[in-house]
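Peer 1: Dropping the structure in here first, questions after.
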Amino acid sequence: MGIGYDSTLWGLQQVPFFSKHFKTIVFDNRDAGCSSQATKPYSIRDMADDLAGLMNGLDIERTHLLGLSMGGMIVQEFTLRYPKKLEKLVLT
Numbered sequence: 096m097g098i099g100y101d102s103t104l105w106g107l108q109q110v111p112f113f114s115k116h117f118k119t120i121v122f123d124n125r126d127a128g129c130s131s132q133a134t135k136p137y138s139i140r141d142m143a144d145d146l147a148g149l150m151n152g153l154d155i156e157r158t159h160l161l162g163l164s165m166g167g168m169i170v171q172e173f174t175l176r177y178p179k180k181l182e183k184l185v186l187t
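Those letters in the sequence shown? Residues 96 to 187, per my numbering, in order.
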């Protein structure tokens, strides 16, 4: 999600819709919503690595990703760094 937003915004319409067709997971990026406050500077690349780590922790090999605003930048970086983990990508 974009700067200043957290994962709760996805719950209004998107999660109910997508969860009918897919296992749907939303999460807060660093410094957003329920995530912890960062203690040092970080980059879009770091957040793409966070996503890969989340997928590894949940034992998800490949996924469809939807990125909105800053999330779009994160999933683009993820796509470049981890192309084998991506099934499909949607940018909004």
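Glycine included, every Cβ here is placed at the ideal spot set by N, Cα and C.
This one's a predicted model, so the numbers in the text were calculated from it and none came from an experiment.
Between which two residues does the alpha helix (DSSP H) containing Thr187 stretch?
Peer 2: Element bounds for Thr187: n/a, residue is neither H nor E.
Peer 1: By how many angstroms is the C-alpha of Tyr177 removed from the C-alpha of Gly152?
Peer 2: If you take the alpha carbons of Gly152 and Tyr177, they lie about 15 Å apart.
Peer 1: Of all the options Gln108, Leu149, Phe117 and Gln109, which has the alpha carbon lying nearest to the alpha carbon of Asn124?
Peer 2: Considering only alpha carbons, the answer is Leu149.
Peer 1: Pick out whichever of Leu186, Gln108 and Gln132 has its Cα sitting closest to the Cα of Gln171.
Peer 2: The residue with the shortest Cα to Cα distance from Gln171 is Leu186.
Peer 1: Thinking C-alpha only, which one of Lys179, Lys183 and Phe122 is nearest Leu146?
Peer 2: Ranking Lys179, Lys183 and Phe122 by Cα distance to Leu146 puts Phe122 first.
Peer 1: What does the Cβ neighbour count give for Phe117, buried or exposed, with the cut at 16 atoms within 10 Å?
Peer 2: Burial call: exposed.
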